[in-house]
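> Chains as they are written, first to last, in the working numbering: chain W, 21 to 263; chain E, 21 to 263. Could you have a look at this structure, given as structure tokens, before my questions?
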DNA sequence: GAGTGGTCTAGACCACCCC
DNA sequence: GGGTGGTCTAGACCACTCT
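This is the structure:
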């Protein structure tokens, strides 16, 4: 394991990181599971514990793995509490931060729009499930979501299963389809509410709304979800830390 | 340096990190400067190179220091290219990403509003400079900023100096006052343009705008700037990565 | 070639968790 | 007590930059 070529040099810990990621993609360890101990991985990959450590550190920094001292290292899961809200950056301005209630509006199957095709790197003619739902904070509508999921990846997604699931959408996709979201890119604009959205959100048409477009990625940076959220921001804000 | 008490245990590298931060606060090394080599710091603090390394790694991860292999470790500066745009998350949707032109509208001195007092942790009655400016992408107005800076910290801030400065606001504050921003918290809402803002931004009143409220922090997490930006998002987006 | 950061190793010991 | 991750050390060697 010492062969390191000078041009296009790749550190050992980086190669280990890739190997671990491949095991995650292959489903060798599932969300919530403990992965083997650092010593075990070191002996499996024939490197020192320190090198495995550095690879795991990187993955933990990306919230793909979670370290727990004295217990082990675990595959991050959307089922765990405190992780369910990981991608939700819109929160009420009031101090009380309660997880929003979700109301499923519709599920349909359709040809993917061009933009979805492009962003999710799908073949022309691919179909997607289009899910519409409403999130409410303290009983009042806050976010109207439209979610596009490739049918090929989420075969047989059913309205009933979705409706009966408790918890976040990503928790559902993880437990039902083994697809775990690890990262997302968002583009945000301010738009005027159209008739349909205004009615759903309980505001006047033309009310300014936050429009949050998102592409979410799973292991190996594969894009697997497109989503557009329309948010009423009179009593909520999109919160972000920049450094 | 080996005395470690069990309750409220603090790793050595964390203590080293604090010592380095204190040197930054004291101005021992200025933005753009190289800090001493890892070996030098290790001998100064009487710890191993590895421990210094871990402290520097953490600070580099926070974009407070910048490592350059073969050259040394440097204090991050807003004067460096590629760093000037660090806090600017609003960019044109067109591929061409050119730094926006800034037009200074006004500079005045006034009692700080209550919200600014609270967020910047100022004593009641403190005064702030209130700066208004307009950022333009490709010649068309995109962002209308209102910036509050404590007078106590930025003594004698002059309109002329500000107008003559080339480059970003944070580059100006760093070079003129030795205050370097390292982090910011933003709260974003969608609002309707008022008469004044609409006129400045060249849009119709009631046009939906992105309102980005920001508190910026310097070394030691001290809040030193409040800012509100109103953005036209017809051809721009606020871009964010979440993980 | 000298100096810097970057990688990798091996070993000792500590803090935490659970049996 | 035994396993896990977390810290700290010392030393060897590699990659990069400048002179």
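Ideal Cβ positions, reconstructed from N, Cα and C, are used throughout, including at glycine.
Are there 16 or more other CB atoms within 10 angstroms of the CB of residue 239(W), so buried, or fewer, so exposed?
By the 10 Å Cβ count, residue 239(W) comes out buried.
> Buried or exposed, going by whether 16 or more other CB atoms sit within 10 Å of the CB of residue 149(W)?
Buried is the call here.
> Which of the three DSSP states is assigned to residue 177(E) in this structure?
Coil.
> Beta-carbon of residue 242(E) versus every beta-carbon of chain W: anything under 8 Å?
Not one chain W Cβ lies under 8 Å of residue 242(E).
> Who are residue 156(W)'s beta bridge partners in DSSP?
For residue 156(W), which the question treats as bridged, DSSP gives the partners 121(W), 161(W).
> How about residue 146(E) and residue 132(E): are their beta carbons less than 8 Å apart?
Yes, the Cβ-Cβ distance between residue 146(E) and residue 132(E) is below 8 Å.
> Determine, for residue 45(W), whether the minimum Cβ-Cβ distance to residues of chain E falls below 8 Å.
Cβ-Cβ to chain E under 8 Å: no for residue 45(W).
> Rounded to the nearest angstrom, how far is the Cβ of residue 233(W) from that of residue 206(W), given a contact under 8 Å?
Right, their Cβ atoms sit about 7 Å apart.
> Do you know how far the Cα of residue 156(E) is from the Cα of residue 193(W)?
Between residue 193(W) and residue 156(E), the C-alpha separation is close to 42 Å.
> Can you find a CB in chain W that lies within less than 8 Å of the CB of residue 209(E)?
Taking Cβ atoms only, chain W reaches closer than 8 Å to residue 209(E), which makes this a yes.
> Can you check whether the C-beta of residue 192(W) is within less than 8 Å of a C-beta belonging to chain E?
Not an interface residue.
> Tell me, please, whether the segment 160-175 of chain W touches the segment 202-222 of chain E by the rule of three or more beta-carbon pairs shorter than 8 Å.
At 8 Å Cβ cutoff, the stretches do not touch.
> Taking the CB atoms as reference points, tell me whether residue 187(E) and residue 254(E) lie closer together than 8 Å.
The answer is no: Cβ separation not under 8 Å.
> What do you reckon, are the CB atoms on residue 134(E) and residue 152(E) nearer than 8 Å?
For residue 134(E) and residue 152(E), no; Cβs fall outside 8 Å.
> Within 10 angstroms of its Cβ, does residue 107(E) collect 16 or more other Cβ (buried), or is it exposed?
Buried: at least 16 other Cβ atoms inside 10 Å.
> Name the residues in the segment 220-235 of chain W whose C-beta lies less than 7 Å from a C-beta of chain E; which are they?
Within the segment 220-235 of chain W, the qualifying residues are 228, 229, 230.
> Is it a yes or a no for the segment 71-85 of chain E touching the segment 120-129 of chain E, going by three-plus beta-carbon pairs under 8 Å?
In short, these stretches do not touch, since the Cβ pair count stays below three.
> Could you give the distance in angstroms between the alpha-carbon of residue 244(E) and the alpha-carbon of residue 43(E)?
About 19 Å.
> Can you give the Cα-Cα distance for residue 67(W) and residue 77(W), rounded to whole angstroms?
Spanning the two alpha carbons is a distance of roughly 16 Å.
> Compare the beta carbon distance of residue 111(E) and residue 208(E) with 8 Å and say whether it is the shorter of the two.
No, they are not a contact pair.
> Name the chain E residues that come within less than 8 Å of residue 109(W), Cβ to Cβ?
Correct list: 260, 262.
> Exposed or buried, what is residue 117(E) when buried is set at 16 or more other beta-carbons lying within 10 Å of its beta-carbon?
Its Cβ having fewer than 16 others within 10 Å, residue 117(E) is exposed.
> Any beta carbon from chain W within less than 8 Å of residue 257(E)'s own beta carbon?
Yes - at least one Cβ of chain W is within 8 Å of the one on residue 257(E).
> Check the Cβ-Cβ distances between residue 159(E) and every residue of chain W, and say whether any is below 8 Å.
No, residue 159(E) lies away from the interface with chain W (no Cβ there is under 8 Å from its Cβ).
> Write down the C-beta distance between residue 211(W) and residue 228(E) rounded to the nearest angstrom, noting that I regard them as a contact closer than 8 Å.
With 8 Å as the limit, residue 211(W) and residue 228(E) qualify as a contact, their Cβ atoms being about 6 Å apart.
> Can you pull the chain W residues whose beta carbon is under 8 Å from the beta carbon of residue 202(E), in chain order?
Correct list: 263.
> Just to confirm before moving on: does the CB-CB distance between residue 119(W) and residue 74(W) stay below 8 Å?
Cβ atoms of residue 119(W) and residue 74(W): not closer than 8 Å.
> Output, in chain order, the set of chain W residues within a Cβ distance shorter than 8 Å of residue 82(E).
Residues of chain W passing the Cβ test: 263.
> Please report how far the alpha carbon of residue 53(W) lies from the alpha carbon of residue 167(W), in whole angstroms.
Cα to Cα, the separation comes out at about 28 Å.
> Establish whether the CB of residue 253(E) and some CB of chain W are separated by less than 8 Å.
Output row for residue 253(E): interface = yes.
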